[in-house]
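Okay, structure first, notes after.
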Amino acid sequence: MRKKALVVDDNANNLMLEKDLLEVAGFEVFVAENGASAIAIARKEKPDIIIMDVRLPDMRGSVAASILRQDKETSAIPIIFVTASVMAEGKEEIKAITNSGFIGKPINTRTFAKEISQFIK
Amino acid sequence: MSGKRSEKISQEYAESIINTVREPLIVLAQDLRVVTASRSFYEVFKVNPKETVGQLIYDLGNKQWDIPKLRELLEDILQKKTTFDDYEVEHVFATIGRRVMLLNARRIPSPPEKPKVILLAIEDITKRKSMEESYTSLAAIVNTSVDGIIGKTLQGDIVSWNKGAEKIYGYTEKEMHGKNISLLAPPGYEEEIINQLEKLQAGELIKNHETKRIRKDGVVIDISLTLSAIKDNSGNIYGVSAIMHDITAQKKAKQVLVVSEYSESIINTVREPLIVLDQDLRVVTASRSFYEVFKVKPEETVGQLIYDLGNKQWNIPKLRELLETILPQKATFDNYVVEHDFSTIGRRIMLLNARQIERGMGKERIILLAIEDITERKEIEDGLEKTRKELEVIKKSEDEAREYAESIINTIREPLIALDQDLRVVSVSRSFYEVFKVKPEETVGQLIYDLGNKQWDIPKLRELLETILPQQTTFDNYEVEHDFATIGQRIMLLNARQIQRVLGKERIILLAIEDITERREIENGLEKAHEELKELATELKRAARVKSEFLANMSHELRTPLNSINGFSEVLYDETFGPLNEKQRQYVNNVLTSGKHLLLLINQILDMAKVEAGKMKLALSSLPMKSLLNEIPMLVADMVSKKKLEMLLEIADDLPNIEGDELKVKEIIYNLLSNAVKFTPEGGKIGMRAKRADSEIEIVVWDTGVGIAPENMGKIFEGFFRVDTPYSRVTEGTGLGLPLSKKLVELHGGKFSVESEGLNKGTEVRFTLPIISGKVV
Numbered sequence: 000m001r002k003k004a005l006v007v008d009d010n011a012n013n014l015m016l017e018k019d020l021l022e023v024a025g026f027e028v029f030v031a032e033n034g035a036s037a038i039a040i041a042r043k044e045k046p047d048i049i050i051m052d053v054r055l056p057d058m059r060g061s062v063a064a065s066i067l068r069q070d071k072e073t074s075a076i077p078i079i080f081v082t083a084s085v086m087a088e089g090k091e092e093i094k095a096i097t098n099s100g101f102i103g104k105p106i107n108t109r110t111f112a113k114e115i116s117q118f119i120k
Numbered sequence: 000m001s002g003k004r005s006e007k008i009s010q011e012y013a014e015s016i017i018n019t020v021r022e023p024l025i026v027l028a029q030d031l032r033v034v035t036a037s038r039s040f041y042e043v044f045k046v047n048p049k050e051t052v053g054q055l056i057y058d059l060g061n062k063q064w065d066i067p068k069l070r071e072l073l074e075d076i077l078q079k080k081t082t083f084d085d086y087e088v089e090h091v092f093a094t095i096g097r098r099v100m101l102l103n104a105r106r107i108p109s110p111p112e113k114p115k116v117i118l119l120a121i122e123d124i125t126k127r128k129s130m131e132e133s134y135t136s137l138a139a140i141v142n143t144s145v146d147g148i149i150g151k152t153l154q155g156d157i158v159s160w161n162k163g164a165e166k167i168y169g170y171t172e173k174e175m176h177g178k179n180i181s182l183l184a185p186p187g188y189e190e191e192i193i194n195q196l197e198k199l200q201a202g203e204l205i206k207n208h209e210t211k212r213i214r215k216d217g218v219v220i221d222i223s224l225t226l227s228a229i230k231d232n233s234g235n236i237y238g239v240s241a242i243m244h245d246i247t248a249q250k251k252a253k254q255v256l257v258v259s260e261y262s263e264s265i266i267n268t269v270r271e272p273l274i275v276l277d278q279d280l281r282v283v284t285a286s287r288s289f290y291e292v293f294k295v296k297p298e299e300t301v302g303q304l305i306y307d308l309g310n311k312q313w314n315i316p317k318l319r320e321l322l323e324t325i326l327p328q329k330a331t332f333d334n335y336v337v338e339h340d341f342s343t344i345g346r347r348i349m350l351l352n353a354r355q356i357e358r359g360m361g362k363e364r365i366i367l368l369a370i371e372d373i374t375e376r377k378e379i380e381d382g383l384e385k386t387r388k389e390l391e392v393i394k395k396s397e398d399e400a401r402e403y404a405e406s407i408i409n410t411i412r413e414p415l416i417a418l419d420q421d422l423r424v425v426s427v428s429r430s431f432y433e434v435f436k437v438k439p440e441e442t443v444g445q446l447i448y449d450l451g452n453k454q455w456d457i458p459k460l461r462e463l464l465e466t467i468l469p470q471q472t473t474f475d476n477y478e479v480e481h482d483f484a485t486i487g488q489r490i491m492l493l494n495a496r497q498i499q500r501v502l503g504k505e506r507i508i509l510l511a512i513e514d515i516t517e518r519r520e521i522e523n524g525l526e527k528a529h530e531e532l533k534e535l536a537t538e539l540k541r542a543a544r545v546k547s548e549f550l551a552n553m554s555h556e557l558r559t560p561l562n563s564i565n566g567f568s569e570v571l572y573d574e575t576f577g578p579l580n581e582k583q584r585q586y587v588n589n590v591l592t593s594g595k596h597l598l599l600l601i602n603q604i605l606d607m608a609k610v611e612a613g614k615m616k617l618a619l620s621s622l623p624m625k626s627l628l629n630e631i632p633m634l635v636a637d638m639v640s641k642k643k644l645e646m647l648l649e650i651a652d653d654l655p656n657i658e659g660d661e662l663k664v665k666e667i668i669y670n671l672l673s674n675a676v677k678f679t680p681e682g683g684k685i686g687m688r689a690k691r692a693d694s695e696i697e698i699v700v701w702d703t704g705v706g707i708a709p710e711n712m713g714k715i716f717e718g719f720f721r722v723d724t725p726y727s728r729v730t731e732g733t734g735l736g737l738p739l740s741k742k743l744v745e746l747h748g749g750k751f752s753v754e755s756e757g758l759n760k761g762t763e764v765r766f767t768l769p770i771i772s773g774k775v776v
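Going down the list, the protein sequences come from chains G and F.
According to numbering that gives the first Met the number 0, the residues represented by the first sequence are 0 to 120, in order.
According to numbering that gives the first Met the number 0, the residues represented by the second sequence are 0 to 776, in order.
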């Protein structure tokens with residue numbers, strides 16, 4: 000059975016690149032451009048993993064993540080943050096979310112899908 | 000009948016009594032009218048019976064007896080007491096002048112049928128009184144006199160010896176009574192005493208004879224002696240009185256006077272007319288020049304009242320004021336200018352200086368009055384000869400010249416202006432002309448206030464020169480703000496010295512003028528500037544924050560599209576979604592290479608900006624430098640082998656761990672190694688040495704490459720400076736690697752230096768990193 004991945008990014012190019020790389024690696028990929036739709040799709044599709052940009056147009060990625068953590072249906076889904084800022088502040092924000100990890104921007108196209116797969120149990 | 004008779008009887012009775020008494024006696028009736036008076040009364044008071052008897056006593060002799068005290072006696076005391084004795088009345092009588100009268104009165108108790116009378120005895124005790132007083136005062140004089148008074152016989156035996164004599168000679172009266180006066184003669188003076196006694200006997204008077212006597216303690220003293228004979232009623236000399244005083248001190252004072260004669264000779268050599276007055280303002284002496292200048296002769300001068308000299312030409316109100324009002328209070332006055340029309344020499348301006356001095360031991364005072372005719376000088380000073388005279392005056396004495404020069408030096412703060420006492424310009428420093436844009440010919444000789452279209456007529460300057468300076472002779476740092484005609488609104492700092500040039504006469508004023516307008520503006524602007532600086536600092540902090548925020552945003556905004564470019568290029572190049580032809584593959588690779596270069600550039604610019612803004616933070620941890628320095632060269636191994644370079648690593652075995660930011664330290668070493676590779680031609684050598692040096696580690700990255708020309712050494716840290724060489728492509732570096740590495744080393748507290756012996760001589764980059772970071776993070 001194909002693994003489901005939800006990619007959340009407001010940048011269409013990033014969204015497309017990440018979606019393509021994951022699909023090539025065999026994922027069924029859902030996309031969302033903001034926090035609200037990400038939460039909605041996650042509840043509906045219950046993906047195996049969520050790849051989320053830290054900065055979203057409607058809320059911070061960590062906020063969307065903590066909302067998902069409060070929901071039984073989505074509380075266990077691993078969330079991987081993609082961030083350009085490797086700042087301590089951003090890290091703290093991410094560390095507060097259970098079952099989470101991060102990948103730095105720009106992504107390495109050659110290893111991206113493999114790195115994501117490692118987060119799925 | 001009976002009344003008339005009894006009246007007559009009582010009158011006879013009274014007269015019989017009265018005429019037997021020697022003293023003036025007067026009998027008054029109850030109504031104080033004279034019943035009768037004694038003969039002596041008429042004699043003494045020079046009145047006759049006709050104008051006396053029947054008169055009210057007060058009306059006698061033109062009311063000369065209307066004496067308040069007598070009224071009191073007769074009308075008050077006698078009504079109560081019936082008698083009074085020895086009542087003294089001092090009164091000026093019309094006929095006989097001031098007299099002291101002793102009054103005795105009785106109300107005579109007569110038989111009841113007889114009218115009562117008052118018997119008034121008047122005794123003129125004026126003479127007796129004055130005798131008593133003179134005796135009393137004489138005794139007092141003798142006893143208290145500082146003069147010695149000695150009474151002696153014609154043989155010289157002492158009969159009296161007062162306190163003054165005791166003080167002079169040291170002997171008491173007891174010791175000297177009966178002794179011979181020759182005891183007081185010092186050796187060689189015995190004869191003199193005998194001679195004096197003989198002279199007195201011959202009727203000669205010895206007055207103020209100066210001689211010597213010997214005191215009890217053996218000291219010989221100078222005395223002034225006055226001897227006079229004491230005669231009995233018949234004129235026979237029976238004794239001698241001697242009055243003497245010690246003049247030893249006066250003698251000494253006289254020697255001083257001899258010395259003062261010397262000073263008189265000085266007076267005569269003095270150029271200015273000088274006159275010496277006694278305290279009555281009579282001329283004691285005058286200098287030769289006085290006679291010459293005022294065309295008077297000594298014989299018509301000495302002894303004269305100064306005001307009377309030369310047809311009273313000196314009777315000048317101002318001089319009177321000086322001598323009679325000012326001098327008694329001040330003892331001295333200087334440089335008093337008197338303008339007067341003298342009968343002999345015409346209208347003149349005289350400068351008066353006076354000293355009142357006490358001469359000798361006594362209170363005698365003399366006044367030295369120096370008179371200088373400054374008329375000509377003033378005229379000359381007004382003329383063109385001023386400069387020449389100036390020089391003359393300067394030459395007059397070395398001391399004076401030195402004083403003059405010193406005054407100038409002490410005062411100078413150019414521009415400088417020298418004024419005479421009339422505030423006319425004597426000379427001016429060159430800078431004065433320059434600063435105030437005036438010419439010498441329109442300056443020298445002018446009143447200072449008139450200079451340059453009266454632009455110097457400043458109230459504050461007038462105050463200084465006319466009020467303050469005469470009192471103080473100097474003032475410092477007086478600020479005057481004024482709108483000058485030639486140079487506009489200026490603040491001037493004035494310094495002045497008033498100096499005397501010729502023996503306390505002529506004075507000049509040195510006025511130093513400094514334009515402190517700019518300085519004041521600077522001072523005033525300083526606080527403003529300080530405020531602006533504070534604002535600027537705040538603004539700078541804000542700008543730096545804005546800048547770093549901007550850069551952080553910019554880097555995000557730039558990197559986001561760039562990440563897409565690089566990501567898609569990479570996927571294309573990998574042919575993930577299908578094969579590319581050779582050309583397409585090459586193009587995509589070029590896009591990818593340029594994209595990665597741009598990303599590096601953006602990251603380094605951001606880092607540089609962060610360091611410069613102080614925003615770069617180090618994430619310190621313990622770095623195992625030995626292994627780290629062995630690992631990093633692996634990152635350039637590909638390039639090294641591609642260029643067939645030889646890489647030599649000399650990492651000390653005991654290299655300790657350091658506190659540092661791992662990413663930054665790796666970045667530094669990578670930058671330097673990749674530079675070494677880039678700038679070294681094929682077949683060359685690169686290398687790295689690392690060792691411990693005290694509390695630091697020292698790392699050297701070297702190569703045998705293109706080196707750095709001396710003229711470029713200063714530019715390599717400026718950023719974006721890159722040496723174009725045949726061995727390096729323009730796209731390979733950013734030009735920021737070296738300056739950023741330097742900044743990162745310094746951020747760790749280390750030192751960074753680059754050495755090259757020149758072009759194509761290779762490069763050696765040396766830097767240190769502290770083992771324990773000095774940075775607190």
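The beta-carbon is built from N, C-alpha and C at its ideal position, and this holds for glycine as well.
If you're wondering where the values come from, they're calculated on a predicted model, not measured in any experiment.
So, under 8 angstroms CB-CB, T152(F) and G238(F) are touching, yes? Tell me the CB distance rounded to an integer number of Å. As a first step, residue 152(F) is located in the second sequence; it is residue number 153 there, counting from the start. As a first step, residue 238(F) is located in the second sequence; it is residue number 239 there, counting from the start. The pair is a contact, with the Cβ atoms about 6 angstroms apart (cut-off 8 angstroms).
Looking at chain G, which residues of the segment 555–574 of chain F have a Cβ within less than 8 angstroms of any of its Cβ atoms? H555, R558, T559, P560, L561, N562, S563, N565, G566, F567, E569, V570 and D573
Boundaries (first-last residue) of the beta strand (DSSP E) holding F26(G): Locating residue 26(G) in the first sequence gives position 27, counting from the first residue. Unbroken run through F26(G): none, as it is neither H nor E.
Any chance the segment 655–662 of chain F sits against the segment 613–621 of chain F, with 3 or more Cβ pairs inside 8 angstroms? yes
Determine, using beta carbons only, whether E611(F) and W701(F) come nearer to each other than 8 angstroms. As a working mapping, residue 611(F) is identified with position 612 in the second sequence. As a working mapping, residue 701(F) is identified with position 702 in the second sequence. Cβ distance not < 8 angstroms, so E611(F) and W701(F) don't count as in contact.
Might you give, ordered along the chain, the residues of its own chain that have their beta carbon closer than 6 angstroms to the beta carbon of E368(F), omitting 5 neighbours on each side? In the second sequence, residue 368(F) corresponds to position 369, counting from 1. The sequence as given places Leu at residue 368(F); Glu does not occur at that position. Closer than 6 angstroms at the Cβ level, and outside the excluded window around L368(F), lie I274 and A353.
I'd like to know whether the C-beta of V7(G) is nearer than 8 angstroms to at least one C-beta of chain F. Numbered from its first residue, the first sequence carries residue 7(G) at position 8. No, V7(G) does not count as interfacial toward chain F.
Contact set between R109(G) and chain F, taken where Cβ atoms lie within less than 8 angstroms: Position 110 of the first sequence, counted from the start, is the residue given in the question as residue 109(G). Correct list: E569 and D573.
Excluding sequence positions up to five away, which residues of its chain have a Cβ less than 6 angstroms from the Cβ of A36(F)? For the purposes of this step, residue 36(F) is taken as the residue at position 37 of the second sequence. Within the same chain, A36(F) has close Cβ partners I25 and T51.
Classify K104(G) as buried or exposed, calling it buried when 16 or more other Cβ atoms lie within 10 Å of its own Cβ. Within the first sequence, the letter at position 105 stands for residue 104(G). So K104(G) ends up on the buried side.
Do you know offhand how far N98(G)'s Cα is from G60(G)'s? To locate residue 98(G), count along the first sequence from 1; it is residue 99. To locate residue 60(G), count along the first sequence from 1; it is residue 61. Their Cα atoms are separated by approximately 14 angstroms.
Please list, in chain order, all residues of the same chain as D514(F) whose beta carbon is under 7 angstroms from its beta carbon, the five residues on each side excluded. Mapped onto the second sequence, residue 514(F) falls at position 515. Hits under 7 angstroms: V434, R489 and M491.
Taking the beta strand (DSSP E) that K436(F) belongs to, which residues open and close that run? On the second sequence, residue 436(F) is found 437 positions in, with the first residue counted as 1. From DSSP, K436(F) is part of no beta strand (DSSP E); its letter is neither H nor E.
Which of the three DSSP states, helix, strand or coil, is assigned to Q488(F)? As a working mapping, residue 488(F) is identified with position 489 in the second sequence. DSSP places Q488(F) in strand when its eight states are reduced to three.
Taking contact to mean 3 or more Cβ pairs, one atom from each stretch, closer than 8 angstroms, check whether the segment 736–748 of chain F and the segment 669–681 of chain F are in contact. yes
Alpha carbon to alpha carbon, what distance is there between D245(F) and R214(F)? Counting from 1 along the second sequence, the entry for residue 214(F) is found at position 215. Counting from 1 along the second sequence, the entry for residue 245(F) is found at position 246. Going by the C-alpha atoms only, they are around 11 angstroms apart.
Under 8 angstroms Cβ-Cβ, which residues of chain F neighbour L55(G)? On the first sequence, position 56 is the one that residue 55(G) refers to. Result: empty, since nearest Cβ-Cβ is about 14 angstroms, beyond 8 angstroms.
Within-8 angstroms CB hit, V23(G) to chain F: Your numbering for residue 23(G) matches position 24 in the first sequence. By this cut-off, V23(G) is an interface position.
In terms of residues, what are the limits of the alpha helix (DSSP H) holding R319(F)? Within the second sequence, numbered from 1, the residue matching residue 319(F) stands at position 320. Taken as a continuous stretch (DSSP letters only), the alpha helix (DSSP H) holding R319(F) covers P316 to R319.
When you compare only the Cα positions, how much space is there between E91(G) and M51(G)? Taking the first residue of the first sequence as 1, we reach residue 91(G) at position 92. Taking the first residue of the first sequence as 1, we reach residue 51(G) at position 52. Using only the alpha carbons, I get a separation of about 16 angstroms.
I'd like the list of long-range same chain contacts for I447(F), defined as Cβ closer than 8 angstroms, with 5 residues on each side in sequence excluded. Counted from its first residue, the second sequence places residue 447(F) at position 448. Answer for I447(F): I416, L418, L422, R423, V424, W455, L460, L464 and L510, listed in chain order.
Does any residue of chain F have a CB that is nearer than 8 angstroms to the CB of K113(G)? Sequence index remark: in the first sequence, residue 113(G) carries index 114 (1-based). No, K113(G) lies away from the interface with chain F (no Cβ there is under 8 angstroms from its Cβ).
Measure the beta-carbon distance from T767(F) to E697(F) and round it to whole angstroms, keeping in mind my assumption that it falls under 8 angstroms. Along the second sequence, read from residue 1 onward, the residue named residue 767(F) stands at position 768. Along the second sequence, read from residue 1 onward, the residue named residue 697(F) stands at position 698. Going by Cβ atoms, the distance from T767(F) to E697(F) rounds to 5 angstroms, so yes, they are a contact pair.
Run through chain F and tell me which residues come within less than 8 angstroms of N10(G), C-beta to C-beta. Position 11 of the first sequence holds residue 10(G). Those are T559 and S563, listed as they occur along chain F.
What are the residues that DSSP puts in a beta bridge with N276(F)? Residue mapping note: residue 276(F) aligns to position 277 of the second sequence, counting from 1. The question names Asn, but residue 276(F) in the sequence shown is Leu. V282(F) and I366(F), per the DSSP bridge assignment.
Sort S39(F), Q470(F) and E338(F) by Cα distance to W313(F) and report the nearest one. As a first step, residue 313(F) is located in the second sequence; it is residue number 314 there, counting from the start. It is E338(F).
Bounding residues of the alpha helix (DSSP H) (the contiguous stretch that carries N670(F)): The sequence position of residue 670(F) within the second sequence is 671, counting from 1. Here the alpha helix (DSSP H) through N670(F) covers E661 to K677.
For I106(G), go through chain F and note every residue whose CB falls closer than 7 angstroms to its CB, in chain order. Numbered from its first residue, the first sequence carries residue 106(G) at position 107. What I106(G) touches in chain F: G566.
Distance cutoff 8 angstroms, beta carbons only. Does N13(G) sit that close to anything in chain F? Counted from its first residue, the first sequence places residue 13(G) at position 14. Taking Cβ atoms only, chain F reaches closer than 8 angstroms to N13(G), which makes this a yes.
Cut-off 7 angstroms between Cβ atoms - residues of its own chain near D653(F), not counting five sequence neighbours on either side: Counting from one through the second sequence, the residue named residue 653(F) turns up at place 654. Excluding positions up to five away in sequence, the list reads R691.
Whose CA, out of E520(F), A164(F) and V635(F), lies closest to the CA of N674(F)? Your numbering for residue 674(F) matches position 675 in the second sequence. Ranking E520(F), A164(F) and V635(F) by Cα distance to N674(F) puts V635(F) first.
Consider the Cβ of L16(G): report whether some Cβ of chain F lies at a distance smaller than 8 angstroms. The count along the first sequence starts at 1 and reaches residue 16(G) at position 17. Chain F contact via Cβ: present.
Give the C-beta separation of S755(F) and I707(F) to the nearest angstrom, bearing in mind that I take them to be a contact with Cβ-Cβ under 8 angstroms. Translated into positions along the second sequence, residue 755(F) becomes position 756. Translated into positions along the second sequence, residue 707(F) becomes position 708. Right, their Cβ atoms sit about 4 angstroms apart.
Alpha carbon to alpha carbon, what distance is there between G202(F) and S223(F)? Your numbering for residue 223(F) matches position 224 in the second sequence. Your numbering for residue 202(F) matches position 203 in the second sequence. So the alpha carbons of these two residues sit roughly 20 angstroms apart.
Indicate the three-state DSSP secondary structure (helix, strand or coil) for V292(F) in the structure shown. The count along the second sequence starts at 1 and reaches residue 292(F) at position 293. V292(F) falls in the helix class under three-state DSSP.
Measuring alpha carbon to alpha carbon, tell me which residue in E710(F), K162(F) and L557(F) is nearest G757(F). The residue you call residue 757(F) lines up with position 758 of the second sequence. Ranking the options by Cα distance to G757(F), first place goes to E710(F).
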